[in-house]
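The UniProt record's numbering applies: residue 1 is where the sequence shown begins, and numbers increase by one. Every residue gets a Cβ at the ideal spot worked out from N, C-alpha and C, and that includes glycine.
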Amino acid sequence: MEDLLSDSLSDFPLDLEPISMDEPEAAWPDLATEDFERLRSSFGTAPAGKRPRRIVKRCGIPQCVRPVRSRGVCKVHGGVPSCAVDRCGKSAQAGAFCVGHGGGKTCLVAPCTKAAQSRGLCKAHGGGARCRVLLPDGAQCHKSSQGQGKCRAHGGGQRCTYANCTKGAQRDHLCAHHGGVRRCAQPKCGRTDRGGGLCEIHRVGYTCNASNCKKLSTMLGFCNSHYRSEVLQQGARRS
1 MEDLLSDSLS DFPLDLEPIS MDEPEAAWPD LATEDFERLR SSFGTAPAGK
51 RPRRIVKRCG IPQCVRPVRS RGVCKVHGGV PSCAVDRCGK SAQAGAFCVG
101 HGGGKTCLVA PCTKAAQSRG LCKAHGGGAR CRVLLPDGAQ CHKSSQGQGK
151 CRAHGGGQRC TYANCTKGAQ RDHLCAHHGG VRRCAQPKCG RTDRGGGLCE
201 IHRVGYTCNA SNCKKLSTML GFCNSHYRSE VLQQGARRS
């Protein structure tokens with residue numbers, strides 16, 4: 001064994017310098033003199049004065065490009081809870097119900113109980129998209145936009161397809177004068193729909209429980225407006 005070690009050490013160089021364990025201090029770059037704009041751009045950051053582009057996650061359903069709302073899917077594919085009313089497929093808004101069934105926020109204008117569209121206001125009080133047409137006095141039209149930034153009076157929304165008719169279409173691409181009216185949903189009844197799919201006669205027994213209200217009941221015996229004022233607001237005061 002000693003002969004083997006001596007033969008191995010004989011080939012090992014003996015004139016090596018001893019290794020120093022005291023390493024020199026690392027020369028770190030002086031970041032105070034670096035070009036920070038160039039440094040940021042190397043990481044893909046947006047240029048100065050511009051916001052970085054927001055990365056939007058897409059729905060997990062194949063071939064769907066809508067943004068994710070929750071649970072990895074978009075609003076259409078179940079990314080938000082549905083309205084609690086039976087057979088209503090609309091999305092719940094700020095609660096268990098859709099806007100049509102009393103969900104969502106209420107208009108800030110007292111005593112209005114309609115659903116807020118934008119800026120805390122319903123359509124009647126200035127919420128939602130407005131008509132952008134300027135009136136003769138220079139003021140902007142305050143009516144609700146029905147499409148293309150115009151109200152129905154200024155050409156927004158669909159037009160009647162009857163020859164030479166410029167009125168707004170009500171149903172089946174026709175105005176009310178040319179047959180575009182909604183009829184009562186009851187069999188063999190040709191009367192005009194007065195709201196909720198029923199005529200004045202067939203609405204009896206289905207109207208809102210609130211005094212002097214002729215709207216159809218949708219929730220707990222009340223219409224949407226009175227459901228908000230009589231049920232939701234009273235429940236909020238009790239809590």
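Next item on the list: Could you tell me which residues DSSP puts in a beta bridge with Q140?
Entry: L134
Note to self: Does R171 come out as helix, strand or coil in the three-state DSSP assignment?
What the structure shows: strand
Check: Are the region 186-197 and the region 215-233 in contact at 8 Å, needing three or more beta carbon pairs?
Finding: yes
Check: Considering only the beta carbon of each residue, do V80 and C59 sit closer than 7 Å?
Finding: no
Next item on the list: Apply the 10 Å Cβ neighbour rule to S118 and answer buried if 16 or more other Cβ atoms are within range, or exposed otherwise.
Entry: exposed
Note to self: Within 10 Å of its beta-carbon, does N224 have 16 or more other beta-carbons around it, so buried, or fewer, so exposed?
What the structure shows: buried
Note to self: Pull the bridge partners of P67 from the DSSP assignment, please.
What the structure shows: R58
Next item on the list: Using a threshold of 7 Å, state whether the C-beta atoms of M92 and G103 are closer than that.
Entry: Residue identity differs from the one stated: residue 92 is Ala in this sequence, not Met. Going by C-beta atoms, A92 is nearer than 7 Å to G103.
Margin query: Which same chain residues end up closer than 6 Å to A129 when comparing Cβ atoms and leaving out the 5 residues on each side of it in sequence?
Written below: S145
Item checked: A32 versus K57: straight-line alpha-carbon distance, rounded -> Here A32 scores only 47 on pLDDT, less than 50, and its place in the model is too uncertain to base an answer on.
Margin query: Just to confirm, is the Cβ distance from Q186 to A169 under 7 Å?
Written below: no
Check: Any idea if F222 is buried or exposed, counting beta-carbon neighbours within 10 angstroms, 16 or more meaning buried?
Finding: buried
Notebook entry, point to check: What's the C-alpha gap between Y227 and N209?
Noted result: 10 Å
Notebook entry, point to check: For the region 164-231, which segments carrying the alpha helix (DSSP H) assignment without a break, of at least 4 residues, lie completely within its bounds, in sequence order?
Noted result: none
Checklist line | Helix, strand or coil at G100 according to DSSP, with G and I counted as helix | finding: helix
Notebook entry, point to check: By Cβ distance below 8 Å, which residues in the same chain neighbour G180 in space, the five residues on each side in sequence not counted?
Noted result: C160, A169, Q170, R171, D172, H173, L174
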